[in-house]
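Notes to accompany the following structure.
Protein chains: 2
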Amino acid sequence: MKIIVDAMGGDFSPNPQVEGSVKAAEELGIEIVLVGDSELIQKKLDEIGYKGTDITVRSASEVITNDDEPARAIRRKKDSSIVVAANMLKNGEGDGLVSTGATGGVLAAGLLIVGRIDGVLRPALAPVLPTDKGPAVLLDSGANADCKAANLAQFGIMGSVYANNVLDKQNARVAIVNIGAEEHKGNEMTREAYTLLKKAPINFTGNIEGREIMDGAADVIVCDGFVGNVILKLTEGLASTLLRNIKGMFMKNILTKLSALAMKGSFKEFKKKMDYTEYGGALLLGLKHPVVKGHGSSNAKAVYSAIKQAVKFVSSGVVDKIKEDLKKMEENNDGIEG
Amino acid sequence: MKIIVDAMGGDFSPNPQVEGSVKAAEELGIEIVLVGDSELIQKKLDEIGYKGTDITVRSASEVITNDDEPARAIRRKKDSSIVVAANMLKNGEGDGLVSTGATGGVLAAGLLIVGRIDGVLRPALAPVLPTDKGPAVLLDSGANADCKAANLAQFGIMGSVYANNVLDKQNARVAIVNIGAEEHKGNEMTREAYTLLKKAPINFTGNIEGREIMDGAADVIVCDGFVGNVILKLTEGLASTLLRNIKGMFMKNILTKLSALAMKGSFKEFKKKMDYTEYGGALLLGLKHPVVKGHGSSNAKAVYSAIKQAVKFVSSGVVDKIKEDLKKMEENNDGIEG
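Chains F and U are the protein sequences, given in the same order.
Note that the working numbering has the first sequence beginning at 920, numbered continuously upward.
Note that the working numbering has the second sequence beginning at 920, numbered continuously upward.
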């Protein structure tokens, strides 16, 4: 298997991208193509002392940043690392792509270059949310600010396949984010999506309220990209606010500082449970080939996890299974109109 | 001043409602009418040993619950405590209303009996969110699952008046919840609302992302009722999940249990800062007279806080100020169409 790694566009590129790739090549027994500034990449490879043959470098002279208008940048910056990487993926020069570059650029490259699976109305950005009962997938988390019911229904199906095959869930519980548990609650979109998902070939468990998300009441959390983005960022923000407050409490006096020592192990364990770098990145679900978007601030471990995630995605045949399940659903509904 | 308290419909009604009212009558020097099962209310008053004349009781034989369809229940259950209370408010038999009953019933009674301020398109449910920089108001948090830009603009104005006059903010910072900071980010509704709020007679600070909400980056957090409800409940859920995890860590062994003792004071302080009972309830903003919706599980302290909030709302003339500011905004925009 060969994974294409966009080495540019992250906060510390290309260093963690190179380091994570070396670890992945060695531990997972895969080939990797690093795409980007070949001089910088080679320098880091030499620094690490990498002597293997599983990692190759493909030169790309440009980078798409958060300041670029994504769709336009994809057309203009033909030699940007993400455009080169996406074209390689499309042309079969690799089985999956990992990028820690600007989200807009990765989304646009996925949509415009890699392309959607036939029948997928809108691909979704699907990060993993650490909950009290293990990882859950949240989709869409920002690729589509405006959605229709049929989009949400497809998110449910794609998320279910992903959770069962990559997150090792058994019969993943799929729920729609809503403002009440009952079927008639919410807005027109959620009510329609409810009706569609009831007929889908998945374990649909109904609506989930904001209160239950972090308890782990669902394995696949379905919502439009606006709501998903708010959930993702609010969760990050609230967790860091609370942890900062707790840290402050521990620094108060000598007794609390001693307590901090006693609690260190537990906190480390908890932090690990809540650590995004454990889970890799966000899948762009619904594309013809796997694209994983890692956090811009990814360290080597996070890059490694994202590569591992891409490998698991490829080897479990998620793309084909999504195709199958969408087809089943279409048959159930005599075709979903988007 | 006279506050009408719906004594029924809360989880422990009418006991905390009666207790909170007695405390409020004594400490705030106001009159209170308790509405509901007069026998139960009188029993509790006797138990407390209340001998004053500031509290009177108005009998109402029915209760609207979460199982009732709100608009229908308002018409059918004419002798329910919330309907009787809302009619009293409308008829000038009190200056404000506090209810801890079913949210749907309180919203419907507010809208259909008390009525909107002229020019208000949609009243909003506006709870106070405890943030790292003190209380902020979140609106709408569930009264309107589907909104238009003009609704959001009015929420911004009403929230600003409320924050400046009841939460003692100076020139409250008003922001729209969005999935990016830039003006062009988000969906059609948020972009239009941004344009409208720029021209409003308030301190509009632009978009706010989920990550910044708990940091206290805004005093007035504007969004549609779907997003607001998710924010409110996710915040509650995440805080309780984190605190439960932390509690678990402290129970691990003798050292961590000793640590818990050392940290007790700080945690108590923090819990107080994050405690909804400190702030009372959610204002139903945009009605002709103040209606405060308290949590169903309110204890006496929370009921007292909600009454105090209603008193402050009345005495600071928020309704008139909302009227003025909406008029100014209409003039700026040559009329907002909803």
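Ideal placement from N, C-alpha and C gives every residue a C-beta, glycine not left out.
Please read all numbers here as calculations on a predicted model, not as lab measurements.
What's the gap between the Cα of residue i and the Cα of residue j?
| i | j | result |
| --- | --- | --- |
| F:Leu1044 | F:Ile1132 | 18 Å |
| U:Val1210 | U:Ala1005 | 9 Å |
| U:Ala1072 | U:Asp925 | 31 Å |
| F:Val1033 | U:Ala1062 | 42 Å |
| F:Val1141 | F:Leu1040 | 15 Å |
| F:Leu964 | F:Ser932 | 13 Å |
| F:Asn1218 | F:Asn934 | 9 Å |
| F:Ile1255 | F:Leu1030 | For F:Ile1255, the predicted model reports a pLDDT of 47, less than 50, meaning its position is unreliable; a value from the coordinates is still stated below. So the alpha carbons of these two residues sit roughly 21 Å apart. |
| F:Lys1242 | F:Ser1079 | 13 Å |
| U:Lys1220 | F:Ala1137 | 35 Å |
| F:Val937 | F:Ile960 | 7 Å |
| U:Ile1076 | U:Lys1207 | 16 Å |
| F:Lys1067 | F:Leu1202 | 21 Å |
| U:Ile923 | U:Leu953 | 6 Å |
| U:Tyr1198 | U:Lys970 | 28 Å |
| U:Lys1117 | U:Gly1129 | 21 Å |
| F:Leu1115 | U:Gly1125 | 37 Å |
| F:Glu981 | F:Gly1023 | 16 Å |
| U:Val1002 | U:Ala944 | 23 Å |
| F:Ala1021 | F:Gly1213 | 10 Å |
| U:Lys1009 | U:Val1149 | 32 Å |
| U:Val1146 | U:Lys1088 | 24 Å |
| U:Asp1143 | F:Ile949 | 47 Å |
| U:Leu1180 | F:Leu1162 | 19 Å |
| F:Phe1186 | U:Met1168 | 8 Å |
| U:Asp973 | U:Ala1229 | 17 Å |
| U:Pro1260 | F:Asp930 | Absent from the structure is residue 1260 of chain U, since the part of chain U shown begins at 920 and ends at 1257. |
| F:Glu1101 | F:Val1093 | 15 Å |
| F:Leu1057 | F:Thr1109 | 16 Å |
| F:Lys996 | F:Glu966 | 30 Å |
Can you tell me whether residue i is helix, strand or coil according to DSSP?
| i | result |
| --- | --- |
| U:Lys1067 | coil |
| U:Ala1045 | strand |
| F:Lys921 | strand |
| F:Thr1019 | coil |
| F:Val1025 | helix |
| U:Gly1078 | helix |
| U:Gly1053 | strand |
| F:Val1085 | coil |
| U:Leu1040 | coil |
| F:Ala1094 | strand |
| F:Ala1062 | coil |
| F:Lys1212 | strand |
| U:Ala1221 | helix |
| F:Ala1179 | helix |
| F:Ala1072 | helix |
| U:Ala1201 | strand |
Give a yes or no on whether the minimum CB-CB distance between residue i and chain F is below 8 Å.
| i | result |
| --- | --- |
| U:Glu1102 | no |
| U:Gly1129 | yes |
| U:Ile1132 | yes |
| U:Leu1174 | yes |
| U:Phe1145 | yes |
| U:Gly1215 | no |
| U:Met1168 | yes |
Looking at chain U, is there any beta carbon in it that lies within less than 8 Å of the beta carbon of residue i?
| i | result |
| --- | --- |
| F:Asp1138 | no |
| F:Lys1247 | no |
| F:Asn1148 | yes |
| F:Gly1257 | Annotation note: pLDDT 42 at F:Gly1257 (below 50); position unreliable, coordinate value reported separately. Not an interface residue. |
| F:Lys1171 | yes |
| F:Gly1024 | no |
| F:Gly1105 | yes |
message: Under 9 Å, CB to CB, which of the residues in the segment 1151–1164 of chain F have a partner in chain U?
response: Leu1151, Lys1152, Leu1153, Thr1154, Glu1155, Gly1156, Leu1157, Ala1158, Ser1159, Thr1160, Leu1161, Leu1162, Arg1163, Asn1164
- request: Jot down the residue ranges of each uninterrupted alpha helix (DSSP H) in the segment 930–1013 of chain U, minimum 4 residues, whole runs only, in chain order.
  value: 934–947, 957–967, 989–995, 1000–1009
message: Please identify, using Cβ separations under 8 Å, the residues of the segment 961–986 of chain F that lie next to chain U, in order along the chain.
response: none
task: Residues of the segment 1044–1058 of chain F with a CB closer than 9 Å to any CB of chain U: list them in chain order, please.
output: Thr1050, Asp1051
message: Can you pull out the residues from the segment 1058–1072 of chain F whose beta carbon lies closer than 7 Å to at least one beta carbon of chain U?
response: Gly1061, Ala1064, Asp1065
- prompt: Where in the segment 1101–1161 of chain F do unbroken runs of the beta strand (DSSP E), each at least 3 residues long, occur, reported from the N-terminal end onward?
  reply: 1122–1127, 1139–1141
message: What are the residues in the segment 1079–1097 of chain F lying within 7 Å of chain U by C-beta distance?
response: Val1096
field: Proximal residues, the segment 1177–1188 of chain U versus chain F, C-beta separation under 9 Å
entry: Leu1177, Ser1178, Ala1179, Leu1180, Ala1181, Met1182, Gly1184, Ser1185, Phe1186, Glu1188
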